[in-house]
Amino acid sequence: MEALATLPWGQLIVNGLALGSLYALAAFGLVLIYKITDIINFAQGELGMVSAFVAFFLITAFQLPFILAFILTLVFAGILGALVERFIVRPVENTSPLNPVILTVGIGVLLVGLAGTLWGYETRPFPAPISGPALRLAGLVLSRINALILVVMAVLMIGLYLFFRYTLVGVAMRAVAQNQVAARLMGISVGRIKALGWAVGTALAAVTGIFIAPLNYLDPNMMGDVILYAFAAAVLGGVTSLPGSVVGGLLLGIISSVAGFFAPQLRTTIAFAIIVLVLVIRPRGLLGGRTVKKV
Amino acid sequence: MGRSLAAAWPWLLLVAVALALPALLALIPGLASGYVLYLVALAFIYAIVALGLNLLIGYAGQFSLGQAGFMAIGAYVAAILATAWGWPFALTLPAAAIVSAAVGYLLGLPALRLTGPYLAVVTLGFGLAVPQLIIWQDTWTGGSSGLHSIPPADVLGVPFATDSQFYYVALVAVALLTLFAARLVKSRTGRAFIAIRDSELAAQAMGVSLIRYKTLAFAVSAAYAGVAGCLYAYLLKGIGPEDFTLFLSIEFLTMVVVGGLGAIEGSLLGAAVLTALPNVLTRLPLVEEYKNLYVLVFGVILILTVIFMPRGIAGAWRSYRARRVKAPEMAGQPSVVKG
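Residue numbers (our numbering), protein chains in the order written: chain A, 949 to 1243; chain B, -12 to 326.
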């Protein structure tokens, strides 16, 4: 127990929140896609990985400043997500509950294979989006990139909140998530909203990819660990709750950061254990509402 | 009698070819028949995993991305018992099956609380966690360097040491487990699986216990993977945690989907096609330099199959036959999967 007291808790929590922001963004995308299309997107990590590669080439080959590359990559990811939904997922949407899931697994494998064939499997360093000395606050160290991640996360979350709360499209997306038939009767183009849901979800995965890459490295398998944590975050937050995914992501970031300090060799196992524990103790997650069973 | 014989002759032919394969290969000059037999034995082993996974996905309607984890458990149980405790093959094989089945049963329990595809997340995590736990528990498992010098399999005092000899062990195993799966899906248990797949609500209303049959489906598919893991350990004589990756689990899923969900013969076909594929691809002249191209090809095959041939090769063959002889043979296939 002494070991617990001597842990640099404050520092681990600060680092964990930054990492957790990235899990939260990926988890938010997962939950959004799940709520709107009833599909668990197993290609979420790989979509983020491909986007990180696109950002990498925009920055290194085209010498674009980070902010411009970031925005262009989000646009690319949005278009990619919408195209995947429209032309790959939608044709099998109503065939069986399993087919779309198997399909997203296939899309993930395809993207890894594509990235590996085009760009190789060797790991590359990703240029840091921001440089300079770390910030120091009350004895805690906050690196510039972690600070940037926290700012990006906050801006995106406020933006998404306003979007879903006040814009017509945002309300339409919530309507489709709640009841597709009623939404269609209200004159909402459900197909377009679904494509948009995938676009936003994929763009969020891209944000995770772009910021995980400079923290770790860039390679076709870079998202394996990250995406399991994002899944765990979604389950912890309660599968169908968007705020829950954010809370779950931040919590898992802290857990992952502490786990990385204690037992770095068991990080994946810990994410798995959390998923199982949540399901055994509280299957609806922290913020999940009642599950309504569709027959 | 005549009809059942007519239905059985392709299978009899298959068994005859399989038995005679070592002799046939030896006739081809310049061919390393040992290596070919090793590959075919590997395809048999993968087919066993695919059979189990098909029972789980194609019949019981539950999803798994963690079969490589069950296979790893079977392989390590057999390897540890054989090397450290000197257990014979006749005991390590059932031990591997029982331990894997027990883990599968336990994993099925939290899965009961999950409706729909979130189950896949649990199995995904399981498949990723097992190799990590194997590396962590290095006193038993040898950590990341793995376990080596596994003694040859020994059946009733007869050693099956070389690849060409062990080929027969794998052949008998895949034949028996195919028969078992074919019997199982026609039994009360198999009908319960299919009922759960088609509608959990309706199955419950008919008195099918979801707890019992969902966990049973997990346990059976895990036992198949465990047996396959044990055979894998004896075939390769050495195993490591990197043998059982997430990609292997996805390969098994691809085999089942491409072969045909809910069709026993489909799993055999799928395993044969997809074990051959990487070996053929890496030998083609143009493709040679892209040695990981098969990852891309696997993804493309999986996507195209789901979109254009959701019943897989077996389903396409069955509907072709059904159109020709007008005898509906589609009863075993998922009714929810539409072409």
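C-beta: ideal position from N, C-alpha, C; glycine also.
Cβ-Cβ separation between LEU94 (chain B) and PHE205 (chain B): approximately 6 Å, consistent with a contact (criterion under 8 Å).
By the CB criterion at 7 Å, GLY56 (chain B) and PHE113 (chain B) fall inside the cutoff.
In the DSSP assignment, the residues bridged to PRO146 (chain B) are B:ASP141. As summarised for the stretch 994 to 1046 of chain A, the continuous alpha helix (DSSP H) elements at least 4 residues long and confined to that stretch are 1014 to 1031, given in chain order. Note: ARG199 (chain B) is not bridge-paired with any residue in the DSSP secondary-structure output.
LEU40 (chain B) carries a helical assignment under DSSP once its states are collapsed to helix, strand and coil. Proximity to VAL244 (chain B) across B:PRO(-3), B:LEU268, B:ILE288, B:LEU280 peaks at B:ILE288, based on C-alpha coordinates. Of A:THR1052, A:ALA1030, A:THR1150, the smallest CA-CA separation from VAL1040 (chain A) is found for A:THR1052.
Excluding five sequence positions before and after ASN266 (chain B), the CB atoms of its chain that fall closer than 8 Å to its own CB belong to LEU26, given in chain order.
Boundaries of the alpha helix (DSSP H) around LEU1163 (chain A): 1138 to 1163. Counting only runs of 4 or more residues that sit fully inside the stretch 206 to 281 of chain B, the alpha helix (DSSP H) segments are 233 to 246, 251 to 268, in chain order. Taking CB atoms only, ASN266 (chain B) has no neighbour in chain A less than 7 Å away. For the alpha helix (DSSP H) assignment, the uninterrupted runs of no fewer than 4 residues enclosed by the stretch 88 to 138 of chain B are, from N- to C-terminal side, 106 to 123, 125 to 128. Contacts between GLY216 (chain B) and chain A, judged by CB atoms closer than 8 Å, are missing: the closest CB pair is about 19 Å apart. Of all residues in the stretch 1210 to 1229 of chain A, those with a C-beta nearer than 7 Å to a C-beta of chain B are GLN1213, LEU1214, THR1216, THR1217, ALA1219, PHE1220, ILE1223, VAL1224, LEU1227, VAL1228, reading in chain order. Runs of beta strand (DSSP E) with 3 or more residues, each lying fully within the stretch 1087 to 1126 of chain A, are found at 1088 to 1090, listed in chain order. DSSP lists A:LEU1166 as the bridge partner or partners of ARG1072 (chain A).
At least 7 Å separates the beta-carbon of ALA88 (chain B) from that of ALA168 (chain B). In the DSSP assignment, LEU1227 (chain A) falls within the unbroken alpha helix (DSSP H) covering 1215 to 1229.
The stretch 1062 to 1082 of chain A makes contact with the stretch 1000 to 1015 of chain A; the number of CB pairs closer than 8 Å reaches 3 or more.
Contact residues of the stretch 163 to 192 of chain B toward chain A are LEU188 (C-beta to C-beta distance below 7 Å).
Among the CB atoms of chain B, one or more fall inside 7 Å of the CB of ASN1047 (chain A). Here DSSP, grouped into helix, strand and coil, assigns LEU1085 (chain A) to strand. If you draw a straight line from the Cα of GLN959 (chain A) to the Cα of GLY1056 (chain A), it is about 35 Å long. Identification of residues in the stretch 959 to 986 of chain A having a C-beta nearer than 9 Å to some C-beta of chain B yields TYR982, ASP986, given in sequence order. Think of a sphere of 9 Å around the beta carbon of TRP123 (chain B): the chain A residues whose beta carbon falls inside it are ALA1211, GLN1213, LEU1214, THR1217, in chain order. Relative to GLY177 (chain B), the option among B:ILE44, B:ALA37, B:VAL36 whose CA is nearest is B:ILE44. Neighbourhood of GLY1061 (chain A) in chain B, by CB distance below 9 Å: ASN279, LEU280, TYR281, VAL282, LEU283, VAL284, PHE285, GLY286, VAL287, in chain order.
Where ASN989 (chain A) is concerned, there is no enclosing alpha helix (DSSP H), because DSSP gives it neither an H nor an E. Comparing alpha carbon positions, the residue from B:LYS224, B:ALA19, B:LEU12 closest to GLY133 (chain B) is B:LYS224. Put simply, the stretch 191 to 200 of chain B does not touch the stretch 4 to 22 of chain B. Fewer than three CB pairs are less than 8 Å apart. When only Cα atoms are considered, GLY1064 (chain A) and ALA1025 (chain A) end up about 19 Å apart. At a cut-off of 7 Å, the C-beta of VAL108 (chain B) has a neighbouring C-beta in chain A.
For the set A:PHE990, A:MET997, A:GLY1135, the Cα lying nearest the Cα of THR1021 (chain A) is the one of A:MET997. GLN49 (chain B) is outside the set of residues whose beta carbon lies under 7 Å from a beta carbon in chain A.
Residue contact check for VAL1099 (chain A) against chain B: no CB pair falls below 7 Å.
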